[in-house]
Amino acid sequence: MKTNVQGERIVRCPQCGGESVFAPSNKWRPFCSERCRQIDLGAWASESFRVPATPPQDPDEFGPNGEPLH
Ligand SMILES: [Zn+2]
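In the UniProt record's numbering, the protein residues as written are 1 to 70.
Structural data, given as structure tokens:
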């Protein structure tokens, strides 16, 4: 495990691949900075908007009395 001079754990920033301090002193952990964290959150948000909402129920999955067929 890699640590810095303070003995804090160093991890790889998921966004930029740089070194990030994984300790309470880094409030953006596991990211190295606020910028990387916000880029990642933005990517996540835009990704979720592209996923179409799933229909609440597929009528073919249920019998005449509403019982599941599978
Ligand atoms: Zn980063």
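Heads up, the beta-carbon is just placed ideally off N, CA and C, and yes, glycines get one too.
Would you mind reading off the limits of the beta strand (DSSP E) that contains R29?
Careful: R29 lies outside any beta strand (DSSP E) and carries neither H nor E.
Determine the burial state of F31: buried for a count of at least 16 other Cβ atoms within 10 Å of its Cβ, exposed for fewer.
Burial call: buried.
My guess is that V21 and E8 are in contact by the Cβ rule of under 8 Å, so how many angstroms apart are they, rounded?
5 Å
What does DSSP give as the partner residue(s) for S20 in the beta ladder?
V11
With a 10 Å radius around its C-beta and 16 neighbouring C-beta atoms as the bar for buried, classify Q15 as buried or exposed.
buried
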